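Report on one structure; see the data block that follows.
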Amino acid sequence: MTDYAALKQAVIDGKVAQVKQLTQAAIDEGRPAQEVLDQGLIPAMDTVGEKFSCHEFYIPEMLIAARAMQGGLGLLKPLLAAAGGKPRGKVVIGTVRGDLHDIGKNLVGMMLQGGGFEVIDLGADVKPEKFVEAVKTSSPDFVMMSALLTTTMLAMKETVEQLKSAGLRGKVRVAVGGAPVTQRFCEEIGADFYSANATGAVTKAKELLHV
Amino acid sequence: MAMTNRQRLLAILERKSPDRVPWIARLPLWYDARVKDGQMPARFQGKGILEVARELRTGDPARDGRIFKVRYEGLEVRTEREPGVLRERFVTPVGEVTIGRVLSDEVGRQIDQGLPLIHPIRRGEDYKVWEYIAEHTHYDPCYDEYRQYEAAVGDEGYPMVSCGDCPFHHYLLHLVGYNDAYYHMVDYPEEFERLMAVMAAVEKERLWPVIANSPARLILHGVHFDSQMTPPHMFRKYITPYYTELSALLHSRGKSLAWHADDDTKDLLAEIKEAGFDMSECFTTAPMVSVTLEEARAAWGRDVIIWGGVPSIILEPTFPADEFEAYMRGVFRAIAPGDAFILGVADNVMPTSLIERVERISELVEQYGTYPVRPR
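In order, the protein sequence lines correspond to chains A and B.
All residue numbers for the first sequence refer to the working numbering, where the first residue is 1 and numbers rise by one.
All residue numbers for the second sequence refer to the working numbering, where the first residue is 212 and numbers rise by one.
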């Protein structure tokens, strides 16, 4: 009998091997991949997000839990695809041009995956035209950009402008984050939303897509 | 007669009252960018950075002094350059590891911030190599060089000498990289704990005496501790013991211990004080991070000197002028009566900063910064 409580706890505790073992056991029992995702992995990451919000967890614990979640997700992905399951939404994510800091971006990406989103990670030092190209080819629901430096955050504005020039701005929502980024800056550059942390970004994305 | 910047800083270190709030901005990034782009304002053209600082009525941050040189024995460091990347290969009898750094113009500045592209510890077997490197690292005093530097700084400031980082944070930032370091702590717990112990032992035996016996008065050790990346439980376990001991040693020699606080310290205020730090340098505040100047002053009082309080983002053209004024007036309210405080930009006046605002801060310091500072 599939023990979703145990699977959830293993993710929260960051135990990769145990998560893989419990996920495989659920698959072997014939549980649908979507059910394992919805009743095991996603609620676990929701709890991780709650613990982060109340300062019980910090980034190290989130990273370790997210890695464990990905261990299980890796087993489910081929089955989800074969079953024609659809992600809650699609996100193109990257750290902007000139900036190599990727921890925040990685964390947002992993939390989005834990929240049932498909994530296309463009990496760090991503030029505006690369974001534009990814929107053209992948038709995501969101472009999420991260910057840690006041000097590099200006590339976010340029990316928004290039999306406009390419006629894509109305087809995708733009989110921004990172230490120097503020709600005011988000509004000034014409982005759709700002989040101060990874859990906030996932929550906002879910709200906007009503999922 | 007005005090010099040096006198003001020394007064703060000695918990005495200077004539007014010391105000030391960090201009190198802004200055270098103007030299490079040819957009130096006419009034500063042909002037060196110290002359510009003088004209802006701020001081010299004096961070370029040193008291030791690092030397390795029993290993070889081979430097290799290829387009866009600089690699340092540490070749030892027990194996080799590589540090790689980006060299492109656009991200090149980040090298100064200690952001390697390739970290030396990537696998379990790399730990023993870095243990060997730690055990074969020596710190040769260069006190005369420091004395000359202090003399050259003169009355413009007071040297703060950078002496490294604690083993745990060095491991996170430089040896493994934040992301993977947390995984490594789970995947290689014995290797991690052993490396921390070896590095701490070597530094206590070889580095600490060199610092303690040096002519430097203000020691910078430790960088970028952050509520999220070094959360309270990790700070207490891996950082507090190191600094409790180091600060006690430095205090016994009449020295002060500072750390570079260009991060969000909201959840670490108590830990920083308990670890024995005398100063948080480049202390960054909201709206750039979540911690406020008021919160830090309430937590630290006169025990931990704050050098900072001006987050660089408020100098940006995108930050409204009226809010900049309101923020700065709030600073004087928060620091009253002004003890244990040095006004500074955290962590730099950036290439895109409005230099007029730096000058405006100088005006405000002259207007409101006279001791004792009164809340307004």
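Virtual Cβ for every residue (Gly too), placed ideally from N, Cα, C.
Computed from a predicted structure; not experimentally measured.
- Contacts with chain B at 8 Å (Cβ-Cβ) include A/TYR58.
- Per DSSP, B/PRO583 lies in no beta strand (DSSP E) and is assigned neither H nor E.
- Contact between the segment 290 to 305 of chain B and the segment 263 to 281 of chain B is absent: fewer than 3 CB-CB pairs across the two stretches fall below 8 Å.
- Taking 8 Å as the CB threshold, A/GLY14 lines the interface with chain B.
- Counted as a single uninterrupted DSSP element, the beta strand (DSSP E) harbouring B/HIS349 occupies residues 348 to 352.
- DSSP places B/VAL296 in the uninterrupted beta strand (DSSP E) bounded by 296 to 303.
- Contacts between B/ASP478 and chain A, judged by CB atoms closer than 9 Å, involve HIS55, TYR58 in chain order.
- Residue burial annotation: B/ARG219 is buried, with at least 16 other C-beta atoms found within 10 angstroms of its C-beta.
- For A/MET69, the enclosing alpha helix (DSSP H) begins and ends at 59 to 82.
- Take the alpha-carbon of A/GLY109 and the one of A/ALA66: they are about 10 Å apart.
- The DSSP-derived three-state label of B/PHE543 is helix.
- For the pair A/GLY190 and B/ASP533, the Cα-to-Cα distance works out to about 22 Å.
- Closest in alpha carbon position to B/MET499, among A/ASP102, A/ARG184, A/ALA6, is A/ARG184.
- Contact between the segment 409 to 424 of chain B and the segment 368 to 385 of chain B is present: three or more C-beta pairs spanning the two stretches fall below 8 Å.
- Between B/ILE329 and chain A, the shortest Cβ-Cβ separation is not below 8 Å.
- In this structure, the CA atom of B/PHE543 is about 20 Å from the CA atom of B/ILE566.
- Listed along the chain, the chain A residues whose CB falls inside 8 Å of the CB of B/VAL397 are GLY14, ILE64.
- At a cut-off of 8 Å between beta carbons, A/THR150 contacts chain B.
- Within the segment 459 to 484 of chain B, the runs of beta strand (DSSP E) that reach at least 3 residues and sit entirely inside it are, in chain order, 467 to 471.
- Within the segment 355 to 433 of chain B, the runs of alpha helix (DSSP H) that reach at least 4 residues and sit entirely inside it are, in chain order, 378 to 381, 389 to 398, 400 to 413, 419 to 423.
- The alpha-carbon separation between A/MET69 and A/GLU161 amounts to approximately 36 Å.
- Spatial neighbours of B/VAL288 in its own chain (CB-CB distance under 8 Å, excluding positions within 5 residues in sequence) are listed in chain order as GLU299, ARG300, PHE301, VAL302.
- The beta-carbon separation of B/VAL313 and A/LEU100, rounded to 7 Å, stays under the 8 Å limit for a contact.
- A distance below 7 Å between beta-carbons, with the five flanking residues on each side excluded, links B/GLU402 to the following residues of its chain, in chain order: GLY335, TYR338.
- One thing to note: B/PRO562 has its Cβ no nearer than 8 Å to the Cβ of A/THR152.
- Beyond the five residues adjoining it in sequence on each side, B/ASN216 comes within less than 6 Å, by CB distance, of GLY270, GLU367, GLY368 in the same chain, given in chain order.
- Bridge partners of A/TYR194 according to DSSP: A/VAL176.
- Non-local beta-carbon contacts of A/MET111 in its own chain, meaning distances under 6 Å to residues more than five positions away in sequence, involve ALA198, VAL202 in chain order.
- Between B/GLU404 and the set B/LYS448, B/ALA472, B/LEU418, B/ASP248, the nearest pair of CA atoms involves B/LYS448.
- For B/MET445, at least one C-beta of chain A is nearer than 8 Å to its own C-beta.
- The beta carbons of B/CYS374 and B/HIS432 sit about 5 Å from each other, so the pair counts as a contact at 8 Å.
- Nearest in C-alpha terms to B/ALA557, of all of B/PRO548, B/TRP511, B/GLU570, B/ALA497, is B/ALA497.
- Here B/MET561 carries a coil assignment [DSSP, helix/strand/coil].
- Listed along the chain, the chain A residues whose CB falls inside 9 Å of the CB of B/VAL313 are LEU100, ASP125.
- Non-local beta-carbon contacts of A/VAL211 in its own chain, meaning distances under 7 Å to residues more than five positions away in sequence, involve ARG88, GLY89 in chain order.
- Interface flag for A/GLU158 against chain B is unset, since no Cβ pair is found closer than 8 Å.
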